[in-house]
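In our numbering, the protein residues as written are 30 to 386.
One structure below.
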């Protein structure tokens with residue numbers, strides 16, 4: 030196939046001037062597209078930043094409202110201290126037993142495997158786990174007995190704190206210390222909250238056993254890369270979901286105390302009310318988990334290293350845990366009221382539009 034040559038007298042269709050003009054047009058379109066993309070990106074970033082700032086203001090606003098409750102009625106501070114004393118006493122005994130058990134178990138599991146005993150069953154990870162169970166089983170049994178008492182006292186403390194905090198937060202009739210102490214025995218029904226507490230305890234126990242099982246598999250397969258990664262990922266995923274579920278479970282207990290709902294009904298209502306603001310509940314629980322984990326880790330480290338008095342360290346730890354526990358229920362009381370108010374604000378405009386139509 031022959032290519033036709035251009036005659037000397039004819040101009041090419043793509044002359045230098047036309048090429049320059051097309052290049053300028055193309056440059057304008059490219060600049061316009063870049064400007065539009067930059068504008069859209071900045072707009073999205075601005076919207077995301079505004080939404081994040083709004084969520085942070087909402088989060089810290091709830092914390093501020095929760096902290097205001099003791100200042101609105103100083104009797105609440107004395108009331109919380111008195112209701113937490115039995116819980117503090119039994120938790121101190123229980124945590125001292127658990128702390129010694131965990132330290133002894135950790136020392137067994139962190140033993141260095143001797144090359145000559147590599148094929149000895151009691152020097153393998155499974156053997157170390159079995160040996161740890163044999164040596165600390167009696168302490169674990171005693172710890173579980175005290176744990177049952179601790180959970181019951183924690184339940185009574187929770188019901189008393191949630192009821193009084195809700196009345197103070199809503200600004201209802203002012204109460205003195207005697208009213209706060211007598212109200213749980215006269216006006217609060219314990220059956221509904223107890224049923225919901227049992228529901229949440231069973232669910233939390235299943236999740237805890239799942240975490241223990243996955244953590245054990247991570248330890249057993251520490252030398253197998255693929256299985257180690259698999260169980261580590263499953264452990265992290267279950268841990269993240271447990272934080273979200275814990276927020277729903279805690280709100281269900283608050284609902285059972287303040288309303289005549291219990292069991293699965295309270296759990297469903299908790300999930301319904303927290304829809305749209307569930308990230309705040311998860312963030313609250315994450316803060317409390319980090320608080321508890323940091324306290325527990327510090328206490329175990331001091332006990333492991335042998336520094337300081339064991340009883341004093343455990344007493345300080347339990348006192349801070351009780352303080353964090355009280356703060357947690359204050360936050361969830363405010364969180365429940367805010368979730369209800371937000372849902373009413375979303376429903377009212379829809380009702381108004383329906384009435385106008």
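Each residue gets a CB set at the ideal place from its N, CA and C atoms; glycine is no exception.
Keep in mind the model is a prediction, meaning the values are calculated, not measured.
Three-state secondary structure (DSSP) of residue i
i: residue 270; result: helix
i: residue 202; result: coil
i: residue 291; result: coil
i: residue 348; result: helix
i: residue 303; result: coil
i: residue 94; result: helix
i: residue 35; result: Low local confidence applies: a pLDDT of 44 at residue 35 is under 50, so the model's placement there is unreliable, with the coordinate-based value given in what follows. It is coil, neither helix nor strand.
i: residue 222; result: helix
Pairwise C-alpha distance: residue j and residue i
i: residue 322; j: residue 124; result: 14 Å
i: residue 87; j: residue 252; result: 46 Å
i: residue 347; j: residue 270; result: 26 Å
i: residue 371; j: residue 363; result: 12 Å
i: residue 177; j: residue 325; result: 20 Å
i: residue 212; j: residue 109; result: 14 Å
i: residue 147; j: residue 247; result: Here the model assigns residue 147 a pLDDT of 41, short of 50, so the residue's position is not dependable, and the following value carries that caveat. If you take the alpha carbons of residue 147 and residue 247, they lie about 19 Å apart.
i: residue 254; j: residue 264; result: 15 Å
i: residue 115; j: residue 278; result: 24 Å
i: residue 266; j: residue 316; result: 18 Å
i: residue 205; j: residue 111; result: 14 Å
i: residue 331; j: residue 179; result: 24 Å
i: residue 129; j: residue 328; result: 11 Å
i: residue 226; j: residue 92; result: 24 Å
i: residue 126; j: residue 101; result: 38 Å
i: residue 197; j: residue 261; result: 44 Å
Burial state of residue i (16 or more Cβ within 10 Å)
i: residue 373; result: exposed
i: residue 90; result: exposed
i: residue 200; result: exposed
i: residue 99; result: buried
i: residue 296; result: buried
i: residue 221; result: buried
i: residue 231; result: exposed
i: residue 276; result: buried
i: residue 301; result: exposed
Supposed contact pair residue j and residue i - C-beta distance, whole angstroms, cut 8 Å
i: residue 195; j: residue 287; result: 5 Å
i: residue 207; j: residue 193; result: In fact, because the Cβ distance is near 12 Å, the residues do not count as touching under 8 Å.
i: residue 224; j: residue 292; result: 5 Å
Given residue i as reference, the closest of the options once Cα atoms are compared
i: residue 361; options: 309, 122, 324, 349; result: 309
i: residue 106; options: 351, 249, 317; result: 351
i: residue 191; options: 255, 282, 274; result: 282
i: residue 353; options: 342, 369, 314, 366; result: 314
i: residue 188; options: 365, 233, 369, 358; result: 358
i: residue 214; options: 250, 257, 185, 82; result: 185
i: residue 318; options: 268, 229, 259, 244; result: 268
i: residue 218; options: 284, 113, 274; result: 284
Contact test: residue i Cβ vs the ligand MG heavy atom, cutoff 6 Å
i: residue 298; result: The ligand MG is not part of this structure, which contains no ligands at all.
Chain B within 7 Å of residue i, Cβ atoms only
i: residue 293; result: Considering every chain present, this structure includes no chain B. It has just one protein chain.
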